[in-house]
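Just so you know, the sequences run in chain order R, W, H and U.
Under my numbering, the first sequence has 85 at position 85, and the numbering climbs by one with no breaks.
Under my numbering, the second sequence has 449 at position 108, and the numbering climbs by one with no breaks.
Under my numbering, the third sequence has 898 at position 216, and the numbering climbs by one with no breaks.
Under my numbering, the fourth sequence has 1323 at position 300, and the numbering climbs by one with no breaks.
What follows is one structure encoded as structure tokens, with my remarks underneath.
4 protein chains.
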Amino acid sequence: MTDPTDLRIAVLGVGVMGSDHVARITSKISGARVSVVNDFVAEKAEELAAATPGCRAVADPLDAIADADVDAVVLATPGTTHEKQLLACIEHRKPVMCEKPLTTDVSTSLEIVRREAELGQRLIQVGFMRRFDDEYMALKALLDEGGLGRPLVMHCVHRNPSVPSYFDSSLIVKDSLVHEVDVTRFLFDEEIASVQIVRPIRNPGAPEGVQDPQIAILRTVSGRHVDVELFVTTGVAYEVRTEIVGEKGSAIIGLDVGLIRKSAPGTWGGQITPGFRERFERAYDTEIQRWINAVRGGSSTGNYIDGPTAWDGYAAAAVCAAGVESLETGLPVDVQLAAHP
Amino acid sequence: MTDPTDLRIAVLGVGVMGSDHVARITSKISGARVSVVNDFVAEKAEELAAATPGCRAVADPLDAIADADVDAVVLATPGTTHEKQLLACIEHRKPVMCEKPLTTDVSTSLEIVRREAELGQRLIQVGFMRRFDDEYMALKALLDEGGLGRPLVMHCVHRNPSVPSYFDSSLIVKDSLVHEVDVTRFLFDEEIASVQIVRPIRNPGAPEGVQDPQIAILRTVSGRHVDVELFVTTGVAYEVRTEIVGEKGSAIIGLDVGLIRKSAPGTWGGQITPGFRERFERAYDTEIQRWINAVRGGSSTGNYIDGPTAWDGYAAAAVCAAGVESLETGLPVDVQLAAHP
Amino acid sequence: MTDPTDLRIAVLGVGVMGSDHVARITSKISGARVSVVNDFVAEKAEELAAATPGCRAVADPLDAIADADVDAVVLATPGTTHEKQLLACIEHRKPVMCEKPLTTDVSTSLEIVRREAELGQRLIQVGFMRRFDDEYMALKALLDEGGLGRPLVMHCVHRNPSVPSYFDSSLIVKDSLVHEVDVTRFLFDEEIASVQIVRPIRNPGAPEGVQDPQIAILRTVSGRHVDVELFVTTGVAYEVRTEIVGEKGSAIIGLDVGLIRKSAPGTWGGQITPGFRERFERAYDTEIQRWINAVRGGSSTGNYIDGPTAWDGYAAAAVCAAGVESLETGLPVDVQLAAHP
Amino acid sequence: MTDPTDLRIAVLGVGVMGSDHVARITSKISGARVSVVNDFVAEKAEELAAATPGCRAVADPLDAIADADVDAVVLATPGTTHEKQLLACIEHRKPVMCEKPLTTDVSTSLEIVRREAELGQRLIQVGFMRRFDDEYMALKALLDEGGLGRPLVMHCVHRNPSVPSYFDSSLIVKDSLVHEVDVTRFLFDEEIASVQIVRPIRNPGAPEGVQDPQIAILRTVSGRHVDVELFVTTGVAYEVRTEIVGEKGSAIIGLDVGLIRKSAPGTWGGQITPGFRERFERAYDTEIQRWINAVRGGSSTGNYIDGPTAWDGYAAAAVCAAGVESLETGLPVDVQLAAHP
């Protein structure tokens, strides 16, 4: 019997992102389960439903939203279908987590905003996931506590090794730049007043007709400058980097070294994790999740663990006992282990 | 236990580590819930039970283990109580995740190993969480794929800003070094043959009578050398660092830059995240978990989100539309936003 | 001038840069000495001449250039005087190392170029010192060997903690940006086709009326994009950073970690110094220069060294002898030192 | 005619190190020139003398030391010959820069110390060049200003890609460890009390019979602990690393990122160069040295420069003029260049 308080989620669109969300909700996230999946390729949804306990496929996305067995909705469908699906969520008062874009044009996006505002409830969340990234959160916290003084300039880099074949020049703006647009609004808490796209010499490796790289120059209402290198056919790897320059110093994330801050008097550096709980927080989460999963499967295998064994605990005890002995004498002490049973 | 029912966990000992585990199982981990808590300070357990849905306090740890409402046990009690509690888990065939140490001496540890072996089931997992840390896992993978050739030498640093007042010289061995003991056995897949503890000049800031720092020198059965700096009163921060030197190069973790590898011909470096799913995996987990939590609490607040709003989606659409226009002309394009409803 | 005689140099202008050059030529550089100094503050030149062996002050810069005791000229005078002085150097066929700017306007700069071209000799070198910096040279070498494929985009940062009080908005272009202009031309081997200066929100700490920071956007003849953050009142430190993005990867310098390169398949990293001669090249130079200086001054002090003593050599020998003994036994060996004579 | 105040140096032994010193004194160092070279392979010395202006070869090293044309001596001969040559330097009162080792055994080293002490002059400097390295000097300065409090522990790594075929186990101690011995004495200003060499499992790639890697454990008189990994057949590159752990924090050099310091409250980082003179000091030295060299060779080529041309100065002026224009309008301004003459 499932936990009756778990939220029942419909995931609409089970391509790469949608499938990831199904797996996440099923095996990594507390308090929810996937009750319904939907995809315009019906077989894909059915297959996934079969592999997910307590889940069924529903053929029509609007039916899925309306389903009595659905408390909330994750939209991972193509952007062109979002308007209709979001309106259905509003109609049925179903909270919805909508992958970007909200809709594919400005006027329908505004219409969604207005319809939700009329409700007086906040039902719609948009999937700008960078706001939940440790480094972006650290940068936001640094700004909010005034650590950089007034922010003046931001430099961003957004690089993909490659993109799907349907990507064209304008998708680089709508699908890639959109993240830096949200990052700018999130970090600076203000709107963007103007945009300029500069077209450098094309990457010889970019698909015919696609302007890549592009340089976007954003100006916020208060006059802050943001530049973004968008380069989606680098052939190298995924790189996202953001540097903010303020009146009291600068800070950069995305160099694979956490947040690096430069400030007077001429120093650069970062924070060291204060303690083992912070340093190994993820390890603890993983340890317990993998143990839980092993225990759940243990009755059929007789193996209820997925990690260090009792023997590992015994061997560690034996070594430490030798260490305590050496602490007195300073000399090497041999470790004596019993035969492994 | 293979049915979809959440596992019911008893957490014994609800100090810092135990409470962390209760919170983790309750709000971050899928597939389990805490049904019973226990602590030798009864009020602490009762308070925590009251704050945890579906959970009650049980006064005696052995009763908690035997409780019919308990499928598996997390031991976060003092090490001195582990032996008795582990034997109870074995008796009741309850899988148990036991924080280190297994027990506080070598002979009882071995006894536990033997009792579990007689069962023919693996019930006991020991809480050496570093095996689940991304960096240690990357180092292990690099070794196992032969990336460093035959490993020869390992250097470790283990620093704490401070330790509880009851810490003495031998606890530095049993409580701190024990992690590097397990790391050595995990990474090298072999036992440790001898231990030597060197006593450098004492830190003037260490408590009276405590030998801190200490240098531990481990030798594995095949002759690999491991040295460990143990320094638990640095006053600075928590630092754990491990470098392995092999016949084909070296690799280091714990420099706050992921795994850095040095190899012929004279290069150093690391891996860049291949794609956005890997780069933002944690952000996605956090985004969905916080959204689920908001939706669960939404009926009382009318707010079903904890993240970017529909307005954020609309504003992004408006900026991108201006960007697409600029992509044609190369000139700055003003962004026109409606009034915020 | 190919005989072994040291070149006799006139240094014109002995402010900060000029004095540095005098000290450099006198005590760090081989093959030249300063025979003449000049400054529009006559006392400053006379003082410096008195402190520099074999050097005298000459009151008029044109006389200094013409002086029979001068083989070559270093111009560290204000830019407004350069035209006249450079023409004098050309007239007298004196090689000249001219600190930037060549002259203060475009037409006189071109005139200088033409006059030198008529001579058919290259007499004039301009002081763009970044071309001689290890990191810029490494970046240039990487580009020239095709390591990044075709370069497409360059990002530069140029930050000063503060600037002299006479700095105004246009000096930021002429005195700061000018370095990135030369870096662009040097690295890309092509001319710049257009420039755009974007004015972000002003740093509240910048002097009244000065536009700081500025963002410069350069476009080369072949269409490469270069952006430069110019920020000369950061209050922090001097930072110069350059990243080039090419069709086969990117490389960045100025992060205080040498040249970092990112390339397929998703790796980042740098070069480790191949040997001790490269690693300690500067240390060897410094060691020998300081020793030479000590020996030259030794007759008056009886001390002919500035570095490790014979005792240091003896003590090292004693420790190593103990080490060789321990190499056999593996046990600690005490070091016995004689009394220090 | 050469500068009569330049010191006349005899370089004894012109293998790799000796030849480097000849080149250094001839073309990079101020105030000295090489007047005599000597080598036990006479042709090598003669060839080098022929290529070095004002220099001649002298067949006997003791004659070279005694030569009236020699003010000071650089010893780069094999260590076995040092004793006799140093005694000759003392006899003739010739200052000498002696590459390590001082001599090849402890008693003769002590004898040298005593003979110099009897003179009452400091004539002998030993070539421990690390004391002149920027990073070691920064670490020493940090210690001396108390930045780490009382130093307690030091960890060193000393790796070579390979060593000459005559290297044996004890040379690793005498030729490699000797540097860390001096570094320890230099940084801690105290003598070393004991040494222990630990022999890990051998590198399969090390020559037959050579114990490589080795771990050296030094203990200073006051009880400080130093450990050194010596590994001279890594096949990778040259790596030298030193970390000091003190009562108030730690600092590490040799990570290719300058000196990194960790200190309370949980921060890590380094210093940014304060200004352009510090950042580009080496570039200025190189620029001027290369210019001087070009001017000296110019009469035969008509080319008196080795760096940016007048055209480079003109082009920079033209771009900056366009930049100043754009500063007003914010719009792109085209750069107009004359034809290259």
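Glycine included, each C-beta is placed from N, C-alpha and C at the ideal position.
Here the structure is a predicted model, which is why all the values come from computation and not from measurement.
query: Stretch pair the segment 642-654 of chain W + the segment 92-108 of chain R: three plus CB contacts closer than 8 Å; result: yes
query: A251/R (DSSP reduced to helix, strand or coil); result: strand
query: E1252/U: contacting residues in chain W (beta-carbon distance under 8 Å); result: V494, H496 and V586
query: Chain R contacts from the segment 528-539 of chain W (Cβ-Cβ distance under 9 Å); result: E532, I533, A534, S535, V536, Q537, I538 and V539
query: Chain U within 9 Å of K262/R, Cβ atoms only; result: yes
query: Spatial distance of Q1237/U from D1043/U (CA atoms); result: 30 Å
query: Residue from V1186/U, P1297/U, G1272/U and A1074/U with nearest C-alpha to N501/W; result: G1272/U
query: Cβ pair A1095/U, P1023/H closer than 9 Å; result: no
query: For F572/W, the three-state DSSP class (helix, strand or coil); result: strand
query: For S371/W and T26/R, the rounded distance between their alpha carbons; result: 7 Å
query: First and last residue of the uninterrupted alpha helix (DSSP H) at R1234/U; result: A small correction: the amino acid at residue 1234/U is Gln; Arg does not occupy that position in the sequence shown. Per DSSP, Q1234/U belongs to no alpha helix (DSSP H) and is neither H nor E.
query: L1354/U burial status per 10 Å Cβ neighbour count (16 or more: buried); result: exposed
query: Length-filtered (3 minimum) beta strand (DSSP E) runs lying within the segment 744-807 of chain H; result: 754-757 and 778-780
query: Residue-level contact to chain W via CB, W993/H, 9 Å cutoff; result: no
query: Identified DSSP bridge partners for C55/R; result: BP columns for C55/R are empty, so no partner.
query: Closest by C-alpha distance to V210/R, when choosing among E83/R, G54/R, K140/R and Y166/R; result: Y166/R
query: Chain-order list of residues whose beta-carbon lies under 8 Å from that of V577/W (same chain, five-residue window excluded); result: R500 and P502
query: Straight-line Cα distance separating T1243/U from V1017/H; result: 10 Å
query: Contact check, V586/W vs V498/W, beta carbons under 9 Å; result: no
query: Span of the alpha helix (DSSP H), counted from its first residue to its last, around Q971/H; result: E963 to T983
query: Any non-hydrogen atom of the ligand COA within 8 Å of G957/H CB; result: Absence of the ligand COA is noted for the structure shown, with no ligands found whatsoever.
query: Enclosing beta strand (DSSP E) for E1262/U [first to last residue]; result: E1262 to G1269
query: Alpha-carbon to alpha-carbon, R1116/U and G979/H; result: 15 Å
query: Where the beta strand (DSSP E) through G951/H begins and ends; result: T949 to Q953
query: Beta carbon of K1163/U nearer than 9 Å to that of L1210/U; result: yes
query: Beta carbon proximity, A898/H to chain U, threshold 9 Å; result: yes
query: C-alpha gap between T1207/U and N1226/U, whole angstroms; result: 26 Å
query: Chain W contacts from the segment 317-330 of chain R (Cβ-Cβ distance under 9 Å); result: A317, A318, V319, C320, A321, A322, G323, V324, E325, S326, L327, E328, T329 and G330
query: Any chain R beta carbon closer than 9 Å to F469/W; result: yes
query: Buried versus exposed, by CB contacts within 10 Å (16 or more), E628/W; result: buried
query: Any chain U beta carbon closer than 9 Å to Q289/R; result: no
query: Validate contact between the segment 950-967 of chain H and the segment 1155-1162 of chain U using beta carbons, cut 8 Å, 3 pairs; result: yes
query: Host beta strand (DSSP E) of A534/W (start-end); result: I533 to V539
query: 7 Å Cβ cut-off: residues of chain C touching I954/H; result: Of the protein chains in this structure, namely R, W, H and U, none is chain C.
query: Secondary structure of T1025/U, DSSP reduced to three states; result: Because T1025/U carries a pLDDT of 45, less than 50, the predicted location of this residue cannot be relied on, and the following value inherits that uncertainty. Coil at T1025/U, not helix or strand.
query: Neighbour flag for N659/H against chain R, beta carbons, 9 Å; result: Because residue 659/H is not part of the residues shown, which for chain H are 683 to 1023, the question remains open.
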